[in-house]
Amino acid sequence: MCQNCDFRTGLFKNRILIETGVDGLYGRSGVFEDVIQRFDNLITSFGGVDKAEVVRFPPGMNRALFEKSGYLKSFPNLAGTIHAFNGNDKDHAALIDKLQAGEDWTLGQEATDVVLAPAACYPLYPTVAQLGALPEGGRLYDLQSYCFRREPSKDPARQQFFRMREYVRIGSPEQVTDFRQTWLDRGNELIGKLGVPFHLDVANDPFFGRAGRMLANNQRDQRLKFELLVPIESEEKPTACLSFNYHQDHFGTLWGIAQHDGEVAHTACVGFGMERVALALFKHHGFDVDKWPSPVRKALWG
Ligand code: AMP
Ligand code: ZN
């Protein structure tokens, strides 16, 4: 059951989000987008000093690179692929027949060379590898993308298409862990300005299956993932709005990214769930942004 259906209904009634008939797939109002844009600017006001290289990928990524990324080993249930019609006139006629008969027309669809990006940073690593060894200071990227995860839910904070802003640090273990600590501190300060209750905690990714439980335990034991959580859907199970991930040398080894001295690069990323932060604001301050507390309005509208 959805514990938060009142909130969801309120979002629809107030036309903050627009229903499409599919759970987790929503239209966004101008007001909602304005909040997202202003939160985006707030992130930049904290991270801009670092002069990250800005890169924007579309929400699709190269399927061959996605296959190599290992995502399907860990999260086969969340992945989304793009299939398309690749037939002739006869196949087209068969498709129309099936459609009209109410039969499954999708069986004739073929996998394309594009899949949906599950996180903003996934398309980045192979492109960094192509640049050759890192400079001495490593590299830092500023990303934002719509991402897809197949997790339909009545919880408005669990969407199938959502935006993730990320900073990604690639360098020595020290550079990368310093980066993560900096963002743990900044995350506290940044979300503190929004007047919503929150706390930080050690976390794990939702690795699939029995083998996944071991990966999750390992990730927790090594404190590789932290989340900044805000109660949205429920008080007892607050929602991860920001994630701070240290991948160690996982992506460096996988993609062949070398530090300037030839050692394998380490990576870390901080991810901001844009919709989740916006929803946390609507949840705690109400549907009328003009009535939000003045310190919150000041943080976002200046
Ligand atoms: P993750 O890679 O799982 O740590 O995700 C990064 C951030 O994206 C999380 O901290 C969330 O804020 C956001 N996020 C993840 N999954 C969803 C989802 N299904 N709907 C909305 N936001 C999400
Ligand atoms: Zn990432």
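Residue 131 in our numbering sits at position 131 of the sequence shown, with consecutive numbering throughout.
Positions of the beta carbon are idealized from the N, C-alpha and C atoms, including for glycine.
The region 54–65 and the region 194–208 do not touch, with fewer than three beta-carbon pairs separated by less than 8 Å. Collapsing the DSSP output to three states places His83 in a strand. By the neighbour-count criterion, in which 16 or more other beta carbons inside 10 Å mark a residue as buried, Gln37 falls on the exposed side.
Inter-segment contact for the region 260–268 and the region 279–299 is absent: fewer than three beta-carbon pairs are separated by less than 8 Å. Selection around ligand 2 by beta-carbon proximity, strictly under 7 Å to any non-hydrogen atom, yields Ala119, Ala120, Cys121, Glu166, Val168, Asn245, Cys269, Gly271 in chain order.
Remark: three or more beta-carbon pairs, one from each stretch, lie closer than 8 Å, so the region 100–119 and the region 57–69 are flagged as touching. In this structure, DSSP gives Leu194 a state outside helix and strand, which the three-state scheme calls coil.
The shortest C-alpha to C-alpha distance from Cys241 to any of Asp221, Gly273, Ala211 is the one to Gly273. A distance below 6 Å between beta-carbons, with the five flanking residues on each side excluded, links Trp255 to the following residues of its chain, in chain order: Tyr125, Pro126, Ala129. In the three-state reduction of the DSSP assignment, His260 falls in the coil class.
When distances are taken from the beta-carbon of Gln259 to the heavy atoms of ligand 1, even the shortest one reaches 6 Å or more. Straight-line measurement puts the Cα of Ala133 at about 44 Å from the Cα of Leu17.
Here the region 97–113 does not lie against the region 148–159, with fewer than 3 beta-carbon pairs under 8 Å apart. In this structure, the beta-carbon distance from Arg163 to Leu78 does not fall below 7 Å. Across the set Leu229, His247, Gly187, the C-alpha of His247 shows the shortest separation from the C-alpha of Glu174.
Taking a C-beta distance under 7 Å as the contact criterion, Leu228 and Gly271 do not qualify as a contact pair. In the structure shown, Val115 adopts extended strand secondary structure according to DSSP, grouped into three states. When the five nearest sequence neighbours on each side are left out, the beta carbons in the same chain lying within less than 6 Å of the beta carbon of Ser29 are those of Arg15, Ile16, in order along the chain. Within the DSSP bridge table, the entry for Asn62 names Val114 as partners. Taking 7 Å as the cut-off, the Cβ atoms of Gln144 and Arg169 do not count as close. A residue is called buried once 16 or more other Cβ atoms fall within 10 Å of its Cβ, and Trp292 is buried on that count. When distances are taken from the beta-carbon of Ser234 to the heavy atoms of ligand 1, even the shortest one reaches 6 Å or more.
Of the other Cβ atoms in all chains shown, 16 or more fall within 10 Å of the Cβ of Pro123; this residue is therefore buried. Fully enclosed beta strand (DSSP E) runs of no fewer than 3 residues occupy 17–19, 26–28, 53–55, 60–62 of the region 5–65, in order along the chain. If you draw a straight line from the Cα of Gln109 to the Cα of Asp288, it comes to about 44 Å.
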